[in-house]
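Report on one structure; see the data block that follows.
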Amino acid sequence: MPLRRSHDSLPDHTLPRDPRADEYPMPPVPYGWYAVLRSAELRPGRVVSLHYFGRALIAFRGADGQPAVRDAHCPHYGAHLGVGGKVVDGTVECPFHGWRFGTDGRCVKAPFAVRTPKVSIGGFPVREHSGLVFVYAGPGEPSWEVPDIPEAAARDFAKPIDDTCRARIHVQEMRENIVDESHFHFIHGQSEPPVQDLRPNGPFAEVRGRIGRRVLGWDINNTFDAFMYGPGVMVVRSHGPVLSVTAVALTTPVDDRTSEMRMLYYLRKPSRLPFLVPLLKLVFRAEALGEVREEVRIWDHKIHQPRPVLLPHEKGIRALRRWYAQFYPSEVPAEQLSDINSCSEVETRVGTGRD
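For the sequence shown, counting from 1, position 310 maps to 514 in our numbering; every step adds exactly one.
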């Protein structure tokens, strides 16, 4: 039986917070693409307020229907464009004095001005596909793109289960979770840590493995492939005879202390029994979402270990940190981000039982 942590201890909100839990050697926003909205959440004619990367933001669609994500505050007098602002002819209009800004951020109208001021509101490169609105956080123009996620439009997959949570943890540590071999036993009920293989390819990486567990009397023995597209997007495809699921993990920095994880779970419809989809979703919610909440509860109070004491089978965290370091500014020393090589000696001592 998997070991479970007790929920009968002191409630989390009463626990004193160790200040080290908010200290990280790496910058809070790795460079890359992040999903900030589902497409259906950005209806034409609406201004949507967002807050990511430590910035107040707005999203709206231009006259051509294309999305824009810009800074929220008007450069004229500082009003928040998402609080009472509206879309007029594909531009966002300030609720305070009527200044209008296009999807490129430039001011296109300022009532009572002799000439339109040459000012802009900042923003991000934006892409929309797979039912998601992505923004690129980083210097210059992006040199790579997030590939399409075909399950978002495939008829043989049900509409996704959408689950969002936030934790006081760096976004990188959210990603490290997929390569933390040992936690699959304690959190996800797997009998032993999975054997994984991480294959980096520039800003992309793939992790292959297998997970086995028992759910409602069924033995689930699935293979999985985790495709990582930069620091903020991961698609995990799990295939098995009973249940096949594609999980889209969208991890986004909120500010320098908090990160958001939005999970979209696409369940493949049983080819001969499609009416079982609601039941499958119910079982999946009961089994999987509680485990995610348990992870978030732990993340909220853990500290970052630059040099964790790893066991011989725990190879994934080291490999992922080395790959992930490419998404930080080049002036940040690589050893500051991924120097856990000193763990090798500790691993040997722990693995052999020597003092």
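No residue lacks a Cβ here, since even glycine has one placed at the ideal position from N, Cα and C.
Limits of the beta strand (DSSP E) - the one that Y340 falls within: For Y340, the enclosing beta strand (DSSP E) begins and ends at 336-341.
Beta-ladder partner(s) of V481, from DSSP: Answer is none; V481 lacks a bridge partner.
Do the segment 350-369 and the segment 291-310 touch if we need at least three Cβ pairs shorter than 8 angstroms? no
Buried or exposed (CB count within 10 angstroms, at least 16 for buried), S463: That one is buried.
Quickly, what does DSSP pair I365 with across the bridge? List them, please. Y469
Under 8 angstroms: do the segment 477-488 and the segment 369-387 share three or more Cβ pairs, one atom per stretch? Short answer: they don't touch.
Taking its Cβ as the centre, do 16 or more other Cβ atoms sit within 10 Å of G421, making it buried, or is it exposed? Note on G421: pLDDT 49, under 50, position unreliable in the model; the coordinate value appears next. Per the 10 Å Cβ criterion, exposed.
From the DSSP output, in three-state form, read off E380 for me. Of the three classes helix, strand and coil, the one that applies to E380 here is helix, per DSSP.
Grouping DSSP H, G and I as helix and E and B as strand, with all else coil, what is P516? Correct three-state label for P516: coil.
Tell me which residues share the same chain as I353 and place their Cβ nearer than 7 angstroms to its Cβ, disregarding the 5 neighbours each side in the sequence. Result list for I353: S334, V439, V452, in chain order.
Using a threshold of 8 angstroms, state whether the C-beta atoms of G286 and A276 are closer than that. yes
The alpha helix (DSSP H) that contains I502, what's its start and end? It spans 494-503 - the alpha helix (DSSP H) in which I502 sits, taken as one unbroken run.
Quick check on R497: buried or exposed, where buried means 16 or more other Cβ atoms within 10 Å of its Cβ? exposed
In chain order, what are the residue ranges of uninterrupted beta strand (DSSP E) at least 3 long that sit wholly in the segment 248-306? 252-256, 259-265, 271-275, 290-292, 295-297
Starting from the C-beta of L219, find all residues in its chain whose C-beta is less than 7 angstroms away, skip the five residues before and the five after it, and write them out in chain order. H505
In the DSSP assignment, find the unbroken beta strand (DSSP E) run with R242 in it and report its ends. 236-242
Roughly how many angstroms separate the alpha carbons of K322 and C311, rounded to a whole number? 7 angstroms
Assuming I251 contacts G289 under a Cβ cut-off of 8 angstroms, what Cβ separation, rounded to an integer in Å, is found between them? In the sequence under discussion, the amino acid at residue 251 is Val, which differs from the Ile named in the question. About 5 angstroms; that satisfies the 8 angstroms criterion.
Under the DSSP definition of a beta bridge, which residues are partnered with S442? F428, V449
Going by DSSP in three states, P351 sits in which element: helix, strand or coil? P351 falls in the coil class under three-state DSSP.
Run the CB neighbour count on I382, radius 10 Å, all protein chains shown included, and call it buried at 16 or more, exposed below. buried
Name the DSSP beta bridge partners of A409, please? In the DSSP assignment, A409 is bridged to P404, M432.
Rounded separation between P215 and R472 - CA only: A caution first: P215 carries a pLDDT of 46, below 50, which makes its placement in the model unreliable, though a value can still be read off. Taking the straight line joining both Cα atoms gives about 37 angstroms.
DSSP three-state label for P165, please. As shown, the chain starts at 205 and ends at 559. That puts residue 165 outside it, with no answer to give.
For A239, which residues from the same chain have a beta carbon less than 6 angstroms from its beta carbon, with the 5 sequence-adjacent residues on both sides left out? These residues qualify, in order along the chain: L336, F338, L454.
Which residues mark the beginning and the end of the beta strand (DSSP E) in which E227 is found? Taken as a continuous stretch (DSSP letters only), E227 belongs to no beta strand (DSSP E), as it is neither H nor E.
Using DSSP's beta-bridge definition, name the partner residues of V330. V339
Pick out whichever of G258, R221, R224, M230 has its Cα sitting closest to the Cα of Y532. M230
Nearest-angstrom Cα distance between N525 and P248? A small correction: the amino acid at residue 525 is Arg; Asn does not occupy that position in the sequence shown. Each residue's alpha carbon lies about 40 angstroms from the other.
Burial state of R522 (16 or more Cβ within 10 Å): buried
Hey, is A451 close to the ligand ADP, as in C-beta under 7 angstroms from one of its heavy atoms? Absent from the structure shown: the ligand ADP. Ligands present: none.
Find the nearest neighbour of D564 within the set L447, M467, G269, V330, judged by alpha-carbon distance. Outside the displayed span of the chain (205 to 559) sits residue 564, for which this structure offers no information.
Sequence-distant residues of its chain with Cβ nearer than 6 angstroms to G434 (five each side left out): Excluding positions up to five away in sequence, the list reads G236, W237, P407.
Return the bridge partner residues of A523 from the DSSP annotation. Note: A523 is not bridge-paired with any residue in the DSSP secondary-structure output.
Could you check what DSSP says for E464 in three-state terms: helix, strand or coil? Strand, per DSSP.
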